[in-house]
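What follows is a short report on a single structure.
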Amino acid sequence: MRLQRAREAATISKRRQRSFEGGYKSGFEKRVSRQIEDAGLSVQYETDQITYTWPERQATYTPDFKLPKQGGFFYVETKGRWDVDDRQKHLLIKDQFPDLDIRLCFLSDGRLYKGSPTRYSEYCEKHGLRYSLKHIPEDWLREGEIPDDTEPEDC
0 MRLQRAREAA TISKRRQRSF EGGYKSGFEK RVSRQIEDAG LSVQYETDQI TYTWPERQAT
60 YTPDFKLPKQ GGFFYVETKG RWDVDDRQKH LLIKDQFPDL DIRLCFLSDG RLYKGSPTRY
120 SEYCEKHGLR YSLKHIPEDW LREGEIPDDT EPEDC
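For the sequence shown, numbering that gives the first Met the number 0 gives the first residue as 0, with consecutive numbering after it.
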């Protein structure tokens, strides 16, 4: 029993353990949450669940971050590895909820699989998915700001 616990503890790196302590599943999610905080926004991490149909079964998806924009909100999903199941899930959700604004933030512009000629960015562009690399773009973070319309009026 003691050996089994030691093996389990040894399989999780100290960096990953620190991420879990903060409530995040990865160091990348933790880093993106700090970016949102630094922008003066409230971090809403995995607050909503979206029910969608995976062929022949119901499934739920919990986006990582929810950010404000004029007239509503959008979601940001952070991805280190983006495997085929995740890609399929995002296409199904896009098809079933065309008005839902979900954006992807990739740790790097990886290839779809080992030896693939296609990168994450190319896949997103082909399928009309909004994405960024390494961090959330500043313009995404500012979408919730109220425009400054305080110009003096002529008398």
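Beta carbons: idealized from backbone N, C-alpha and C, even for Gly. Note that the structure is predicted; figures quoted are calculated from it, not measured.
Check	Outcome
Please report the distance separating the alpha-carbon of E144 from that of Q69.	7 angstroms
Grab me the residues of R6's own chain with a C-beta within less than 7 angstroms of its C-beta, minus the 5 sequence neighbours each way, in chain order.	Any reading at R6 is ruled out, since the residue's pLDDT is 41, under 50, leaving its predicted position unreliable.
So the beta strand (DSSP E) Y119 belongs to, where does it begin and stop?	Unbroken run through Y119 is the alpha helix (DSSP H), Y119 to H126; no beta strand (DSSP E).
Would DSSP call L140 helix, strand or coil?	helix
If we ignore side chains and look at the alpha-carbon of each, how far apart do W53 and R102 end up?	20 angstroms
Under the rule that 16 or more other beta-carbon atoms within 10 Å means buried, what is E28, buried or exposed?	buried
Could you tell me the distance, in whole angstroms, from the CA atom of E76 to the CA atom of P62?	6 angstroms
For S41, count neighbouring Cβ atoms within 10 angstroms of its own Cβ and tell me buried if that reaches 16, exposed if not.	exposed
Using CA coordinates, which residue listed in H126, P116 and D47 is at the minimum distance from K93?	H126
Could you tell me which whole beta strand (DSSP E) segments of length 3 or greater appear in the stretch 26-97?	49-53, 56-60, 64-68 and 71-78
Smallest Cα separation from R56: which of P67, Y74, L91 and G79?	L91
Considering only C-alpha positions, which residue in the set T50, V31, Y51 and D47 is nearest to L140?	V31
Is any heavy atom of the ligand COA found at a distance shorter than 7 angstroms from the C-beta of T61?	Although the ligand COA was asked about, the structure shown includes no ligands whatsoever.
Is there a C-beta anywhere in chain C that falls below 8 angstroms from the one on P146?	The structure shown contains no chain C; it holds only a single protein chain.
Alpha carbon to alpha carbon, how far is P146 from Y119? Give it in angstroms, no decimals.	33 angstroms
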